[in-house]
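Visitor: Please see the structure below; I have some questions.
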Amino acid sequence: MNPETLLSQKRKKIINQWFDAVIAAYPDDSTQFFKKTADPFANPVGSTIERSLNELFDELIKSEWDQEAVKNAIDGIIRIQSVQEFQPSDAIGFIFSIKPSIRKRLTKYENEKAVKAYLDALDANIEQLLRIAFDLYMECRQKVFLMRANQSRDRVRQLLIKKGYIEEIPEKGNNLEDIIA
Amino acid sequence: MSEVPKPDELIENIDHTPPEEEWEKIESPITEGRFSYPAKGKNLEVMEFRAPGEWSPKDEEWPLPDNWQEIIHEGFKERLEKYRSLKVFMDICVRCGACADKCHYFIGTGDPKNMPVVRAELLRSIYRKDFTTAGKILGSIAGGRSLTKDTIKEWFSYFYQCSECRRCSVFCPYGIDTAEVTMMGRELLNLLGLNINWIMEPVANCFRTGNHLGIQPQAFKEIVDFLTDDIEEITGIKINPSFNRKGAEILFITPSGDYFADPGTYTFMGYLMLFEALGLDYTLSTYASEGGNFGLFTSSDTMKKLNSKMYAEARRLGVKWILGGECGHMWRVINQYMDTMNGPADFMEVPKSPITGTVFNNAASTKMVHITEFTADLIRHNKLKLDPSRNDSYKVTFHDSCNPSRAMGLLDEPRYVIQNVCNNFYEMPENTIREQTFCCGSGSGLNNEEVMDLRLRGGLPRANAVKHVYEKYGVNMLACICAIDRAAFPPLMEYWVPEVGTTGVHELVANALVMDGEIERTTNLRFEPLKEEEDESDE
Ligand code: SF4
Ligand code: SF4
């Protein structure tokens, strides 16, 4: 029994359950909207989550990942949830919620050596995903705070520069010779 | 007008209903990132509003006057009598839910209280309890709620999570305009002195000094001089615009965002270059140095006061008509409210383009023409020499700013202008443009830094459509005709689609505009080289 093939066969079901678990974090009244509105432009949150989970699933069950694809898939959800008032642990929590539905599919075969090894590897992979998700979450939050700070700083500074009250070092190059020259 | 869905189609397609759970029971915490900071006392006092002293929305106890319930009740009553629309909007909603999933704040947050129908219900439930017979007798069975201190907190939270964009109204079979409900909610909050500083400060500055930032007349002139230096460097042409010149034919008014911050400044340079190329007889005013009207987000009285300043200046200078720049809500005020508040502006003439002779009958009463109407007319009459290849480094898409599109139907003029000055133009998906356009997420005074999180989630539907055209066509420039957009999009794009920049339409016009006597242009208005190859060979 090849666990990867088995999971691929149950792909749709597993992803659906995963999706349901992820959107359960939203108020009851919006889960139907996030789930049922198919137009990605009318429903960017639901459609991004769906796309991300699909991409992530395909990478996760493989033994070799495409790092870039994994990062992009996680970024889709994290970028949204990090501005949606989630606690940090909840924002990265969607990664955990795939575990039960994968395990459910494989418990029958748990005693097979190959399956056991596969599950162990999967746990390690999920841990790896969490690390990536946490880094991305921090990156997003940092960006938000930087933009907040920049906005309050630039509002008047641009004017002062324009009026010549502030003379900044021109942006010619990064080394001193360039600036002095 | 573009294709707006018909009411029957809408009703057939309704896929969402208002909350099943009673929405009153849904908690709505007041957390950092979702509320704007309260207005400072000095700004409230200048505008003769109650100033409640220092407070924070996070405080348990808000600084309400003792008779706050009476103030709200009387204020509500007065407005119901004064505005038939409010009474109608309170009465006729059938809670069909067509609007429920059309608000960008709901789409981006999933918070049921951001459904337009529920937002309006915040006010409507009080109306039912206090002003309808059934409500008075049956109370909550008739959908009525008592007015408590928590109601006030909820109002403050959700009426300042609505950008008054009016997208929901496009989908309501009854034409209920939740933005107007929000406006009334904010007016009532104002009676208690509960406003946000990002609105009150611009209002107070505009009232006192003439523009949102309080830029003094001499400083305004200096900034414009500085921009004309840049124009000279790029085109070899020195422009000397006049200020406060009596007897000029046209008074040009634009939002201050166009001259105090990039990328608005490039749009401002664009206006000046266009007027110079035409030899237009126009003047700028250092007193009416603001097109924006944050009174719209405050109260009708405040809106009226700020709007009247522009007309008072037009009268003082004796101009024939007013040309207005790329501003959003200035046009909503002009088109929807100016005439009843301060109009008709009979002391001026019906605007007529001195270049083409076109009479703008649509502005017969307000005497104020939108610059993209003016420029589209010039292009149509072949009055401009244009070289669109100068914009070839840009792949452009156009964001219909909520106010010009939904409040004045200005849909085709900006597109016509862009398509004549750029070679690469791509539309975003149909249900995200024209009347159905998604708000930038920062309108109606919500473009402050403290609600950056709210802006990013509210702006997601817009950014998501931009991302689509970026991925599909390589779009790298988002054009708009609103100064709030030009301030709101740079961070929104930086977060969601960092490859895409922001521009005003007249920046693109000026790039393409071939002016008599200009030197060979090597850069665009941003001092970026026009041809990449040349740049490389230079190095
Ligand atoms: S406001 Fe209009 S669209 Fe929304 S629920 Fe009421 S009737 Fe339906
Ligand atoms: S006016 Fe705009 S922001 Fe306000 S409820 Fe309607 S769609 Fe939402």
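Respectively, the protein sequence lines represent chains A and B. Taking my numbering, I'd label the letters of the first sequence as residues 1 to 181. Taking my numbering, I'd label the letters of the second sequence as residues 1001 to 1539. By construction, the Cβ of each residue, glycine as well, lies at the ideal position given by its N, Cα and C atoms.
I'd like to know whether the C-beta of Gln67(A) is nearer than 9 Å to at least one C-beta of chain B.
Guide: No, no contact with chain B.
Visitor: Compute the Euclidean distance between the alpha carbons of Gly1328(B) and Glu1180(B), then round it to the nearest angstrom.
Guide: Those two C-alpha atoms are separated by around 17 Å.
Visitor: Is Pro1112(B) near ligand 1, going by C-beta to nearest heavy atom under 8 Å?
Guide: Incorrect: Pro1112(B) has no Cβ contact closer than 8 Å to ligand 1.
Visitor: Within the present structure, is the beta-carbon of Pro3(A) separated from the nearest heavy atom of ligand 1 by less than 8 Å?
Guide: Because no heavy atom of ligand 1 lies under 8 Å away, the Cβ of Pro3(A) does not count as near it: no.
Visitor: Anyone know if the C-beta pair for Ile1231(B) and Asn1524(B) falls short of 9 Å?
Guide: Taking 9 Å as the Cβ cut-off, Ile1231(B) and Asn1524(B) do not qualify as a contacting pair.
Visitor: Strictly below 9 Å CB to CB, what residues from chain B border Asn43(A)?
Guide: Those are Asp1101, Ile1107, Pro1461, listed as they occur along chain B.
Visitor: Starting from Tyr1495(B), find everything on chain A with Cβ-Cβ shorter than 9 Å and list it in chain order.
Guide: Per Cβ cutoff of 9 Å: Arg79, Val83, Cys140, Lys143, Val144, Met147.
Visitor: Taking only beta carbons into account, state which residues of the segment 1418-1445 of chain B come closer than 7 Å to chain C, listed in chain order.
Guide: Annotation note: the requested chain C is absent from the structure, which comprises protein chains A and B.
Visitor: To the nearest angstrom, report how far apart Ser1353(B) and Asn1043(B) are at their CA atoms.
Guide: Cα to Cα, the separation comes out at about 40 Å.
Visitor: Suppose you measure from the CA of Pro1490(B) to the CA of Gly1501(B); what does that come to, to the nearest Å?
Guide: Going from the Cα of Pro1490(B) to the Cα of Gly1501(B) covers about 7 Å.
Visitor: Should His1212(B) and Pro1263(B) be called a contact, given that it needs their Cβ atoms to be closer than 9 Å?
Guide: No, Cβ-Cβ distance for His1212(B) and Pro1263(B) is not below 9 Å.
Visitor: Name the chain A residues that come within less than 7 Å of Phe1449(B), Cβ to Cβ?
Guide: Correcting the residue type first, residue 1449(B) is Glu in the shown sequence and not Phe. By Cβ distance, chain A contributes Arg148, Gln151, Ser152.
Visitor: Taking the alpha carbon of Ala149(A) as the point to measure from, which residue in Leu1456(B), Glu1450(B), Arg1145(B) has its own alpha carbon closest?
Guide: Taking only the C-alpha atoms, the option nearest Ala149(A) is Glu1450(B).
Visitor: What's the C-alpha gap between Ser1365(B) and Met1115(B)?
Guide: Cα-Cα distance, rounded: 36 Å.
Visitor: Decide if Lys1305(B) is buried, meaning its Cβ has at least 16 other Cβ atoms within 10 Å, or exposed.
Guide: With 16 or more Cβ atoms within 10 Å of its Cβ, Lys1305(B) is classed as buried.
Visitor: Can you tell me where the alpha helix (DSSP H) holding Phe1260(B) begins and where it ends?
Guide: Unbroken alpha helix (DSSP H) run through Phe1260(B): 1257-1260.
Visitor: By alpha-carbon positions, which one of Asp1387(B), Glu1187(B), Thr1109(B), Val1094(B) ends up nearest to Phe1049(B)?
Guide: Taking only the C-alpha atoms, the option nearest Phe1049(B) is Glu1187(B).
Visitor: Closest to Gly1295(B) by C-alpha separation, out of Gly1324(B), Tyr1337(B), Lys1058(B), Phe1268(B), would be which residue?
Guide: Closest by alpha carbon: Tyr1337(B).
Visitor: Could you tell me the boundaries of the alpha helix (DSSP H) in which Gly1291(B) lies?
Guide: Run containing Gly1291(B): none; DSSP gives neither H nor E here.
Visitor: Could you pull the DSSP bridge partners for Met1477(B) from this structure?
Guide: For Met1477(B), which the question treats as bridged, DSSP gives the partners Val1396(B), Gly1501(B).
Visitor: Does the Cβ of Met1303(B) have 16 or more other Cβ atoms within 10 Å, making it buried, or fewer, making it exposed?
Guide: By the 10 Å Cβ count, Met1303(B) comes out buried.
Visitor: Between the segment 1339-1352 of chain B and the segment 1416-1425 of chain B, are three or more C-beta pairs nearer than 8 Å?
Guide: Result no; under three Cβ-Cβ pairs closer than 8 Å.
Visitor: Quick check: does the Cβ of Phe1171(B) come within less than 8 Å of any heavy atom belonging to ligand 1?
Guide: Checking the Cβ of Phe1171(B) against ligand 1 gives yes.
Visitor: Which residues share a DSSP beta bridge with Ile1250(B)?
Guide: Answer is Tyr1282(B), Trp1321(B).
Visitor: State the DSSP-derived secondary structure class of His1468(B), mapped to helix, strand or coil.
Guide: Three-state result, His1468(B): helix.
Visitor: Just to check, is the beta-carbon of Val1117(B) closer than 8 Å to a non-hydrogen atom of ligand 1?
Guide: Checking every heavy atom of ligand 1 against the Cβ of Val1117(B), one is found closer than 8 Å.
Visitor: Spell out whether any CB of chain B is found under 9 Å from the CB atom of Ile180(A).
Guide: The predicted model places Ile180(A) with a pLDDT of 49, which falls under 50 and marks its position as unreliable, so this point remains unresolved.
Visitor: Kindly indicate the opening and closing residues of the alpha helix (DSSP H) around His1073(B).
Guide: First-last of the alpha helix (DSSP H) with His1073(B): 1068-1082.
Visitor: Just confirm the distance between the C-beta atoms of Ser1401(B) and Asp1485(B), as a whole number of angstroms; I'd bet it's less than 8 Å.
Guide: Contact flag correct, Cβ pair sits at about 5 Å.
Visitor: Could you list which residues in chain B have their beta carbon closer than 7 Å to that of Ser30(A), in chain order?
Guide: Chain B residues near Ser30(A): Gly1110, Pro1112.
Visitor: Quick one: which chain B residues come within Cβ less than 9 Å of Asp39(A)?
Guide: Going along chain B in sequence order, the residues near Asp39(A) (Cβ under 9 Å) are Pro1429, Asn1431.
Visitor: Could you check whether Thr1372(B) and Leu1410(B) sit closer than 9 Å to each other, using their CB atoms as the reference points?
Guide: Yes, they are a contact pair.
Visitor: Taking contact to mean at least 3 C-beta pairs separated by less than 8 Å, is the segment 1463-1482 of chain B in contact with the segment 31-44 of chain A?
Guide: Contact between the segment 1463-1482 of chain B and the segment 31-44 of chain A is present, because at least three Cβ pairs lie under 8 Å.
Visitor: If contacts are defined as beta-carbon pairs under 8 Å, then Lys1246(B) and Thr1286(B) qualify, I think. What distance do you get, rounded to the angstrom?
Guide: With a Cβ gap of about 13 Å, Lys1246(B) and Thr1286(B) do not count as contacting.
Visitor: At what residues does the alpha helix (DSSP H) containing His1104(B) begin and finish?
Guide: Where His1104(B) is concerned, the enclosing alpha helix (DSSP H) stretches over 1104-1109.
Visitor: Taking the alpha-carbon positions, what's the Glu1022(B) to Ile132(A) distance?
Guide: Those two C-alpha atoms are separated by around 39 Å.
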